[in-house]
Each structure stands twice: as structure tokens, then as C-alpha cells.
Amino acid sequence: MHVREVKEMRAIKTLRFGVLQIDEEDIIRFPKGIPGFADHTEWVFAGDEDSPIKWLQSLKDGDVALPVAQPELILADYDAKVYSEDIKEVEASSAGELALLVVITIPPDEPWEATANMRAPIVVNVKRRLAKQVIVQNEEYAVAHPLFDKAAREAMRDSSHPAPEEAHAGGGA
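Be aware that the sequence shown starts at 7, since it is given in this note's numbering, and climbs by one per residue.
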């Protein structure tokens with residue numbers, strides 16, 4: 007005789023990813039929500055496994071998903087100083103138990119102007135699946151740190167706006 011555990015899945019219809027089947031073990035809980043989304047306390051990671059940008063998908067509203075990335079992908083020497091109260095709030099005993107993510111803002115009509123909030127990362131206790139967006143002690147980190155340097159932004163902007171066709175000179179009627 008074999009006994010198999012059947013895990014209960016939750017389904018959510020999302021704007022960006024269609025219908026997602028959510029395993030309860032994959033849910034990340036933000037007990038106090040996220041600033042701007044205080045009543046959104048349950049989230050999951052969604053998106054392409056191979057992409058450096060992941061999406062935090064709200065389970066309260068399928069239209070709400072936040073792009074996030076590991077801060078070291080944006081600033082190689084990122085060294086956030088997290089307050090001990092914030093570490094305790096996600097039930098971690100030390101900063102070493104935490105994963106950090108930064109929220110990315112991508113303007114729809116100007117993606118080359120994308121920024122990352124390096125000043126207020128999300129700390130995740132991966133083991134307990136608890137998270138919180140925190141303000142780090144490091145004042146040098148910006149709330150809107152550009153994802154791309156100036157040359158890359160200009161190249162992306164120029165490639166998305168082709169030069170207008172030259173006006174045709176010629177005789178009239």
C-alpha cells in the first residue's frame with residue numbers, strides 16, 4: 007500500500023502570467039504588507055526562471071506584480087546595513103539568514119529609465135517565508151538608482167525612436 011500526500015494548490019488569475027497554480031509552501035508573507043500595498047500580505051515569485059528579474063505577484067490582486075532583482079546584479083558592492091529590529095521582525099536570528107531583493111520601477115514608455123530602489127530593499131527570511139521592505143542605514147543608496155548608465159540609456163532611447171524620414175524637397179503644383 008502506498009500513501010501519497012496531495013498538496014492543496016491555490017489558483018490565481020494574473021494579468022502578466024495568466025493562471026498560476028500556487029503551492030502554499032511557495033507563498034511569501036509580508037505581515038505588514040508592502041508600502042503602497044499594505045493589505046497585500048501574500049506574494050509569490052513568478053516569471054522566467056532564467057531571468058535576473060523576477061516578479062513578486064500579489065495573491066490578493068492578480069493585476070499587481072512588482073519586478074525585483076538581487077541588488078548585487080545592479081551594484082556589485084552592495085552592502086546593506088539592516089536594522090536588527092527588521093531582522094527580528096522576519097524571525098531571523100542574523101542577517102546571514104536573509105535574502106535581499108530590490109524593487110525595480112520600469113516606466114512603460116521609457117524602459118531605459120528603469121530604476122531600482124537600493125535604499126529600501128525587501129528582506130526575505132527564505133526558511134520561514136517571511137518578508138518585509140526595510141529602509142537600510144546606508145544613506146548613500148538611492149531610492150531611484152538607474153539600472154543603466156547614461157550611455158546605455160541614450161543608446162536604448164535612440165534605438166526606440168527612429169529618426170524621422172527626411173522631408174522631401176521638390177516642386178509643388
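All C-beta atoms, glycine included, are put in the ideal place defined by N, C-alpha and C.
Review point. With a Cβ-Cβ cutoff of 8 Å, do V74 and R134 count as a contact?
Key: Not closer than 8 Å, so no.
Practice item. Count the C-beta pairs between the segment 80-87 and the segment 46-53 that are closer than 8 Å, then say yes if the count reaches three, no if not. Key: By the Cβ criterion, the segment 80-87 is not in contact with the segment 46-53, since fewer than three pairs of Cβ atoms, one from each stretch, lie closer than 8 Å.
**Study point:** Straight-line Cα distance separating D69 from T20
**Key:** Linking T20 to D69 through their CA atoms gives a straight-line distance of about 6 Å.
Point to revise | First and last residue of the uninterrupted beta strand (DSSP E) at I128 | key: Run containing I128: 128-131, per the beta strand (DSSP E) assignment.
Review point. Do V142 and K87 come within 8 Å of each other at the CB atom, strictly closer than that value?
Key: In this structure, K87 sits near V142, with a CB-CB distance shorter than 8 Å.
Point to revise | Local conformation of R135 per DSSP, three classes | key: In the structure shown, the three-state DSSP call for R135 is coil.
Check your understanding: Based on the DSSP secondary-structure assignment, which residues constitute the bridge partners of M15?
Key -> Paired residues: D29.
Point to revise | Inter-residue CB distance, E14 and E31 (contact presumed, cutoff 8 Å) | key: About 10 Å separates the two Cβ atoms, so there is no contact after all.
Practice item. From the DSSP output, in three-state form, read off P41 for me. Key: Residue state, collapsed to three classes: coil.
Point to revise | Spatial distance of V129 from L136 (CA atoms) | key: Computed Cα separation, rounded: 8 Å.
Check your understanding: Which of helix, strand or coil does DSSP assign to E145?
Key -> Coil.
Point to revise | Same chain only: Cβ atoms within 7 Å of R22, ignoring 5 sequence neighbours per side | key: Cβ-Cβ distances below 7 Å link R22 to W61, A71 in the same chain, with the five nearest sequence neighbours on each side left out; the list follows chain order.
Exercise for review: Could you pull out every residue in the same chain whose Cβ sits closer than 8 Å to the Cβ of I18, ignoring the five residues on either side in sequence?
Suggested key: Same-chain partners within the cutoff: V25, L26, I28, Q63, L65, G68.
Check your understanding: Once you ignore the five residues that flank E116 on each side, which residues in its own chain have a CB closer than 8 Å to its CB?
Key -> Closer than 8 Å at the Cβ level, and outside the excluded window around E116, lie R163.
Point to revise | Residue of P127, L79, P77 minimising C-alpha distance to D92 | key: The candidate whose alpha carbon is nearest that of D92 is P127.
Exercise for review: Return the first residue and the last residue of the beta strand (DSSP E) that E48 is part of.
Suggested key: E48 -> beta strand (DSSP E) spans 48-52.
Point to revise | Residue nearest to E103 in terms of C-alpha spacing, selected from S90, R125, F51 | key: Measuring from the Cα of E103, the nearest candidate turns out to be S90.
Practice item. Using alpha carbons as the reference points, say which of A105, H151, E145 lies closest to V132. Key: The shortest C-alpha separation from V132 is found at A105.
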